[in-house]
Amino acid sequence: MSPVPPSPVPPGTGWPDDPATAATPVAESADAVRALAAAAGTLAELAARQSVCRACPRLVEWRERIATEKRRSFRAERYWGRPIPGWGAERPRVLIVGLAPAAHGGNRTGRIFTGDRSGDVLYASLWRTGLAAQATSTAAGDGQRLVGTRMVAAVRCAPPQNKPSMPERDACAPWLTAELGLVAGGLRAVVCLGHFAWQALWPQLGAVGFAVPRPRPPFGHGAEVPVRRPDREAEPPVLVIGCYHPSQQITDVMLDEVFRRARRHSGL
Ligand code: SF4
77 MSPVPPSPVP PGTGWPDDPA TAATPVAESA DAVRALAAAA GTLAELAARQ SVCRACPRLV
137 EWRERIATEK RRSFRAERYW GRPIPGWGAE RPRVLIVGLA PAAHGGNRTG RIFTGDRSGD
197 VLYASLWRTG LAAQATSTAA GDGQRLVGTR MVAAVRCAPP QNKPSMPERD ACAPWLTAEL
257 GLVAGGLRAV VCLGHFAWQA LWPQLGAVGF AVPRPRPPFG HGAEVPVRRP DREAEPPVLV
317 IGCYHPSQQI TDVMLDEVFR RARRHSGL
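In my numbering, the protein residues as written are 77 to 344.
Here it is as structure tokens:
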């Protein structure tokens, strides 16, 4: 049996969908994240920069240790062990915002919500509601494709206990700001998976020009808040929708209702 290649995956070494190369600039601090995110002119460039970021020492140490030690059942697999970049349509009408990748899910497979139970539930719903091409998402290069939809994490590295600190959330925020800025023009709905994503989204929407309600609307499953950019009154509103995280007690019916609503509103 040939040895398993090293984990984490060095950028530009042939991993399917790896957006980076060895020449992609690496953010080593929160200031560098701000600068590199703001200067990324395209989604491809932004995803590449996100995928090699090293700005949060605790999270870098954790994601790489998990990738090296591995879970016993995945010992024969290679772990991505890097930040998870945004994934999906280049001009999305629906944006799905999650919390952070799972240690043995996205941190292993390199694709958001892929390789763990929550992701299985999520992708099955996206497929039933016409937002994903396949019912499963198992690994980069598996043929899965999102339909008019893009998925991002508010924090792009797997955190210990699935709990990023507030400074880590803030350090990662410019990646989301930049991504929102690049896709906002065609966006019609944003689905926030869980309270953390809901909380993280509002300042980001404000940063890219949307009028954000004050006080911030409370999170709830099925909560809907239309937002507009005052300088683009002619555009239809973007509907922000709250959804319980798929790791919580949520039924398929509840998930499907949210994604059907997002799809209908987006005209997909
Ligand atoms: S959490 Fe975000 S800012 Fe921190 S290292 Fe990961 S990608 Fe960079």
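Note that beta-carbon positions come from the ideal geometry of N, C-alpha and C, so glycine has one too. Predicted model only: the values in this text are computed from it and were never measured.
Per DSSP, R308 lies in no beta strand (DSSP E) segment and is marked neither H nor E. With three or more CB-CB distances shorter than 8 Å, the segment 111-124 counts as touching the segment 252-263.
Between the ligand SF4 and V231, a heavy atom-to-CB distance of less than 7 Å is present. In this structure, H180 sits away from R134, with a CB-CB distance that is not shorter than 8 Å.
In the structure shown, G195 falls within a helical segment according to DSSP collapsed to helix, strand and coil. Judged by DSSP in its simplified three-state form, P302 adopts strand. For R339, no pairing in a beta bridge is given by DSSP. Following the DSSP letters along the chain, one finds V136 inside the alpha helix (DSSP H) bounded by residues P133 to E145.
In this model, V170 and L263 are separated by some 6 Å (Cα to Cα). Remark: the shortest separation between the CB of C319 and any heavy atom of the ligand SF4 does not fall under 7 Å.
Collapsing the DSSP output to three states places V316 in a strand.
If you check the C-beta of A247 against the ligand SF4, you find a heavy atom less than 7 Å away.
For W156, the Cβ stays outside the 7 Å cut-off from all heavy atoms of the ligand SF4.
If you draw a straight line from the Cα of P95 to the Cα of F295, it comes to about 33 Å. Among the bridge pairs identified by DSSP, A176 is matched with none. Annotated three-state conformation of G282 is helix, per DSSP. Within the model, the alpha-carbon separation for V288 versus A215 is close to 36 Å. When the Cα atoms are used, S201 and A124 turn out to be separated by approximately 28 Å. Taking C-beta separations shorter than 7 Å and ignoring five residues to either side along the sequence, the partners of D307 in its chain run G285, following chain order.
A residue is called buried when at least 16 other Cβ atoms come within 10 angstroms of its Cβ; Q126 meets this threshold and is buried.
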